[in-house]
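Presented below is the structure to which this report refers.
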Amino acid sequence: MLKIRGRLTKPIGQNNFGEFNYEQYLAQKRIFAYANIWQDKDIQKIGEERTNLLISFSMSMRNKIKSIIERLIHPPYNFLLIGMLLGEKTHIPPELKDVFIESGIMHILAVSGLHVGIIAAALFIF
1 MLKIRGRLTK PIGQNNFGEF NYEQYLAQKR IFAYANIWQD KDIQKIGEER
51 TNLLISFSMS MRNKIKSIIE RLIHPPYNFL LIGMLLGEKT HIPPELKDVF
101 IESGIMHILA VSGLHVGIIA AALFIF
């Protein structure tokens with residue numbers, strides 16, 4: 001576990017028309033803020049937390065599944081599949097979400113992710 005002292009800052013967007021939009025660039029990489037750390041001593045290791053092996057294993061498997069999908073399937077279909085299998089809807093483009101909402105099937109993403117989670121939990125417990 002780390003203790004970090006710094007100033008959390010929101011990236012600056014486009015100031016002038018046609019200029020590179022750093023805020024949008026970082027948002028595509030799921031970075032919505034960054035920390036300025038001025039000295040090495042502002043980062044301290046404060047301990048190692050023992051984690052639950054079951055949770056650690058399931059998170060590892062989830063990340064592997066996600067990376068395989070991201071590597072093999074192109075956007076936006078990879079985001080849609082991740083939403084259906086893992087319940088993660090953050091990367092689904094707004095226009096695709098709108099189509100799901102307007103057609104009344106947005107619940108498919110949440111329910112499918114939930115079902116996969118329940119099945120995985122049942123397999124690990126029993």
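Quick note: the sequence shown uses the UniProt record's numbering, first residue 1, plus one each step. Glycine is no exception: its CB is placed at the ideal position from the N, C-alpha and C atoms. These numbers come from a predicted model, not from an experiment.
Where does ASN16 sit, in a helix, a strand or coil, going by DSSP? Counted from its first residue, the sequence shown places residue 16 at position 16. ASN16 falls in the coil class under three-state DSSP.
Does any C-beta atom of chain B lie closer than 8 angstroms to the C-beta of ARG71? The structure shown contains no chain B; it holds only a single protein chain.
For LYS3, the nearest candidate out of ILE108, ARG50, PRO11, LYS41 (CA to CA): Translated into the one-based positions of the sequence shown, residue 3 becomes position 3. Per the Cα distances, LYS41.
Helix or strand or just coil, what does DSSP make of ILE46? Numbered from its first residue, the sequence shown carries residue 46 at position 46. Correct three-state label for ILE46: coil.
Does the region 91-101 come close enough to the region 67-82 that 3 or more CB-CB pairs lie under 8 angstroms? yes
Whole angstroms is fine: what's the gap from GLY18's alpha carbon to ILE55's? Within the sequence shown, the letter at position 18 stands for residue 18. Within the sequence shown, the letter at position 55 stands for residue 55. Their backbone Cα atoms lie some 46 angstroms apart in a straight line.
Span separating the alpha-carbon of ASN16 from that of TYR22: For the purposes of this step, residue 16 is identified with residue 16 of the sequence shown, where counting begins at 1. For the purposes of this step, residue 22 is identified with residue 22 of the sequence shown, where counting begins at 1. So the two alpha carbons sit approximately 12 angstroms from each other.
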